[in-house]
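In full-length UniProt numbering, the protein residues as written are 1 to 280. All residues carry an ideal CB built from backbone N, CA and C; glycine is no exception. Just so we're clear, the structure is a prediction, and the values are computed from it rather than from any experiment. See structure below.
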């Protein structure tokens, strides 16, 4: 699943090319995604200008005067600028602009979503049920050691699970949570409430460094993610210390990286560098 770095990169690539452009046509070839694409959507955004493209967590947002188009790529989605070429089997949506600019969304597993938030009838975007319970952005100035320590103080779930659920910090998925915990030298199984203020400071720094490394490497491509030009990300090849490296030697101590399951998700860590007894 594309995480924060991948969506941030897409936003940076898409915004300068579509900002203040008119959507000449919005084509929906398959309305049956994770949540059905609203049938009225083509009508209400055709011949309307996109004011800007932004991001919230793992969601890509197209802002119009009258509302916001909310895009989530799910597990296997991608969105690319294309030339006027025939759509493939899994090319479900398409934004057509002037000057032959076409943006096409591909989603083989159809776990993605394209929804609409009406600013007049639904209120401010942060009031939308998708966003109202999301945590802070990782690069927000509000994300401080004190904030994180206070939020974790009564959480009995593991720190890995808390990072993933997005209610305290958004956008940090499975890849970057494993990598951030390794950078912090924190065991993924530690109950979140056991983290000290110092641990929280390390965690915030590690998350930010990890996300910046990924953005600088074009994101992570496991299977489906590509940039708007069809290029794969190189984060895992260039920077990954634990993710996908089970059974291989740790880059710091040569201990074998371990893979475990937490709530059905794969977690990778070094049993020596992230020994729970070394946390303090």
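- Shown here for residue 32: same chain residues with a beta carbon closer than 8 Å to its own, the five before and five after excluded, namely 110 in chain order.
- For residue 161, the enclosing alpha helix (DSSP H) has its first and last residue at 159 to 165.
- For residue 117, the enclosing beta strand (DSSP E) covers residues 113 to 118.
- The DSSP assignment places 174 to 184, 197 to 216 as complete runs of the alpha helix (DSSP H) inside the stretch 163 to 238, in order along the chain (cut-off: 4 residues).
- Judged by DSSP secondary structure, residue 265 falls within the beta strand (DSSP E) whose first and last residues are 265 to 269.
- A residue is called buried once 16 or more other Cβ atoms fall within 10 Å of its Cβ, and residue 183 is buried on that count.
- Secondary-structure assignment with DSSP links residue 55 through a beta bridge to 60.
- The beta carbon of residue 66 is closer than 8 Å to those of 44, 48, 118, 119, 120 in its chain, skipping five residues each way along the sequence.
- When the Cα atoms are used, residue 273 and residue 253 turn out to be separated by approximately 7 Å.
- Of the other Cβ atoms in all chains shown, fewer than 16 fall within 10 Å of the Cβ of residue 36; this residue is therefore exposed.
- 28 is the residue among 259, 28, 3, 180 whose C-alpha sits nearest the C-alpha of residue 41.
- Counting C-beta atoms within 10 angstroms of its own C-beta, residue 154 has fewer than 16 neighbours from the protein chains shown and is therefore classed as exposed.
- If you check the CB distance, residue 175 and residue 8 do not come in under 8 Å.
- Taking the CA atoms as reference points, residue 34 sits about 6 Å from residue 113.
- By alpha-carbon distance to residue 237, the top candidate from 246, 230, 219 is 219.
- Leaving aside the five residues that flank residue 100 on each side, the residues in its chain whose CB is nearer than 8 Å to its CB run, in chain order, 83, 84.
- Between residue 159 and residue 188, the CB-CB gap stays under 8 Å.
- Closest in alpha carbon position to residue 107, among 78, 126, 129, is 78.
- Proximity to residue 2 across 242, 170, 133 peaks at 170, based on C-alpha coordinates.
- When secondary structure is reduced to three states using DSSP, residue 275 falls in the coil class, being assigned neither helix nor strand.
- Annotated three-state conformation of residue 127 is helix, per DSSP.
- DSSP places residue 71 in the uninterrupted beta strand (DSSP E) bounded by 67 to 72.
- Between the C-alpha atoms of residue 98 and residue 61 there is a straight-line separation of about 20 Å.
- Relative to the Cα of residue 95, the nearest Cα in the group 143, 166, 22, 140 belongs to 22.
- Ranked by how close their Cα comes to the Cα of residue 15, the residues 87, 51, 199 have 51 in first place.
- Going by DSSP, residue 12 is part of the alpha helix (DSSP H) stretching over 4 to 18.
- When C-alpha distances from residue 207 are compared across 234, 275, 178, the shortest belongs to 178.
- Among the bridge pairs identified by DSSP, residue 106 is matched with 78, 91.
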